Ligand code: SF4
Ligand code: SF4
């Protein structure tokens, strides 16, 4: 099979407006106190376990927490017309082996389901893949990959409900007769779940972390990493998402280790499902500088 | 945006990718006049491809009653309304296509149906326009004020697919060997951009696998030289699966080219949208031309005239008689001595269909015998 239509990148005007988004003073932060105006993100080193399972732990608060302004992705089509989430609080902790982020942003309602024209909420943390230089904000570029860890509200709901949320949960009154698996051996029945049959990581039935690790070398090129090591948890409370994303600092898989005592670029993107965000329709914060404490 | 030539519009148009036509282009021809909305095609498709969990609402093939039937609800009026004026100057389209009218940041004029829009596959079924008089069911023949017709819908395997253009992951591709448009089930990440961008709403989201799916043109059958499931089961024998050429390369021996380019009796659906769709329709003969003009573009009245003349046009009659006559794809056909013959790619005969069956009038009475052998006269009933 070959493509009759050339897969020319759809980047409309490749230069992405680098939007200066440092730390901000803003009214309604996730942290109780607004950070210093010139504060930067600091991944504080802590002893003992990281509160990855408790996104609302007070341990996430502190000087190193930063409010990042989000802008609409408009470099590539389809684009986001306007932001619905103007900013996100980001903090980070590490214990020398694992680095964990906590993101928090306000939303009217939570998007926890994937259905027909219904989208999940998500947040992603982007780090450089193979050097400490800032890769292109357009999700890296060929030869300059980025490492992305994305948490999704739908995967969180899967985990919280102890099973993959699907038709019976979304449409409790649905009616159907025979399914392929009631009639056919599993290897044949799976053909009527094509995404699953070809091993799409979004389609599988196996229990999974609510966070997926991806590698990308530009828009539209995200690839599921073969070894998935990230974990995290999201809680929707008080009109906000509180989400943690944790990953080993020795990332392996060709990615450089995240070392303490150094500044690291980190970028964030947020998707609001109820606002129709998905894929490139997202709001993001340009690279920020994060000091990983020694 | 690149400039590509769209022969259905008679002009170049903007498209996000360079144009490159496949080696051959899958197409279907539907004779709307013969459909009885039995939905055998819908069931054949469903029971072949989409009976898994997560595909409950998926009808890659559906039959809707026009003008009030839609699946999903209002799919065509939604896009027509957003598109703005759609004027033709002769055979050249003077309005904008969905790519040309796209808002900033969008690939195409789009509409994302919500969940409820997928709830009513039978909406408007058999509903005619107007109200019948009391004295007779249909007061005027032909049905002057009241009309409806059945529209057979599958993915158009467009030459310039909007689904493909809108996918930010380039997960959708058009096969070079037959022009069938497929969603790579491994690359798709379920953004549903294809669902929003396809004006025909023939890309659909699977709730179970969380990626999008669409009509696959029965490609495993096409690869074996067979016509699609919806074609071969059709009760009305109104469907033809074939390959279509551009008008400059039209081959009148090929049934699709003959119907589309030579006799111009089969027309594309909503050509003004700019996708160069590859399902072609013989328009219903009893529907107001104004409505048909909007749906099938210029040439509707001529197509209907030509079609009505089929009884005196053996070649046209022959091409129509070959619909539903064989499961194999007919690459060429001819009509000789009152018989239409279809041939495969090598030129071997697949099927021969007489244009007119011999007429036989049986006598009302006939000689027979009673049980005891007494000669008697028998009478036919219900003959
Ligand atoms: S009809 Fe829709 S889904 Fe099918 S090829 Fe055209 S744009 Fe894509
Ligand atoms: S099987 Fe043929 S006659 Fe029946 S609904 Fe489908 S297209 Fe119409």
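Residue numbers (my numbering), protein chains in the order written: chain A, 14 to 307; chain B, 943 to 1325.
Positions of the beta carbon are idealized from the N, C-alpha and C atoms, including for glycine.
Please read these numbers as outputs of a predicted model, since none were measured by experiment.
Distance cut-off 7 Å: residue i Cβ against heavy atoms of ligand 1
i              : result
residue 1145/B : yes
residue 1402/B : Residue 1402/B is absent from the structure shown; chain B starts at 943 and stops at 1325.
residue 1361/B : Lying outside 943 to 1325, the shown extent of chain B, residue 1361/B is not represented and no answer is given.
residue 1105/B : yes
residue 1142/B : yes
residue 1051/B : no
residue 1109/B : no
residue 1186/B : no
residue 131/A  : no
residue 1022/B : no
residue 1123/B : yes
residue 1219/B : yes
residue 1100/B : yes
residue 1156/B : yes
Buried or exposed (CB count within 10 angstroms, at least 16 for buried), residue i
i              : result
residue 144/A  : exposed
residue 187/A  : exposed
residue 1266/B : buried
residue 1313/B : exposed
residue 957/B  : buried
residue 999/B  : buried
residue 1364/B : As shown, chain B starts at 943 and ends at 1325. That puts residue 1364/B outside it, with no answer to give.
residue 1318/B : exposed
residue 1302/B : exposed
residue 978/B  : exposed
residue 285/A  : buried
residue 1061/B : exposed
residue 114/A  : buried
residue 250/A  : exposed
residue 1004/B : buried
residue 219/A  : exposed
residue 1094/B : buried
residue 1309/B : exposed
residue 1031/B : exposed
Assigned secondary structure, residue i (DSSP; H/G/I helix, E/B strand, else coil)
i              : result
residue 109/A  : coil
residue 1130/B : coil
residue 164/A  : strand
residue 192/A  : coil
residue 1024/B : helix
residue 1071/B : coil
residue 41/A   : Low confidence applies to residue 41/A: its pLDDT is 36, below 50, so where it sits in the model is not reliable enough to give any reading.
residue 262/A  : coil
residue 1262/B : helix
residue 957/B  : strand
residue 1184/B : strand
Proximity test, residue i beta-carbon vs ligand 2 heavy atom, cut-off 7 Å
i              : result
residue 161/A  : no
residue 982/B  : yes
residue 1092/B : yes
residue 1177/B : yes
residue 1005/B : yes
residue 291/A  : no
residue 1182/B : no
Identified DSSP bridge partners for residue i
i              : result
residue 1275/B : 1284/B
residue 1092/B : 1007/B
residue 228/A  : 160/A and 236/A
residue 297/A  : 84/A and 282/A
residue 1291/B : 1285/B
residue 1333/B : Because chain B is modelled from 943 through 1325, residue 1333/B falls outside the range shown and cannot be assessed.
residue 1050/B : Looking at the DSSP assignment, residue 1050/B forms no beta bridge with any residue, so it has no partner.
residue 973/B  : 1224/B
residue 244/A  : 259/A
residue 1320/B : 1308/B
residue 135/A  : 165/A and 284/A
residue 291/A  : 294/A
residue 304/A  : 55/A and 276/A
residue 1209/B : 1223/B
residue 250/A  : 253/A
Closer than 7 Å at the beta carbon, the chain E residues around residue i
i              : result
residue 1147/B : Absent here is chain E; the protein component of the structure consists of chains A and B.
Check: residue i C-beta below 7 Å from any heavy atom of ligand 3
i              : result
residue 1097/B : Although ligand 3 was asked about, the structure shown includes only ligand 1 and ligand 2 as ligands.
task = Jot down the residue ranges of each uninterrupted beta strand (DSSP E) in the segment 49-131 of chain A, minimum 3 residues, whole runs only, in chain order.
result = As far as the segment 49-131 of chain A is concerned, its whole beta strand (DSSP E) runs of at least 3 residues are 54-58, 79-82, 100-107 and 111-119.
request  = Only counting runs of 4 or more residues, tell me where the alpha helix (DSSP H) segments fall wholly within the segment 1215-1241 of chain B, in order along the chain.
outcome  = As far as the segment 1215-1241 of chain B is concerned, its whole alpha helix (DSSP H) runs of at least 4 residues are 1231-1238.
inquiry  = Which runs of the beta strand (DSSP E) at least 3 residues long sit entirely within the segment 1135-1180 of chain B? Give them in chain order.
reply    = Counting only runs of 3 or more residues that sit fully inside the segment 1135-1180 of chain B, the beta strand (DSSP E) segments are 1145-1148 and 1153-1156, in chain order.
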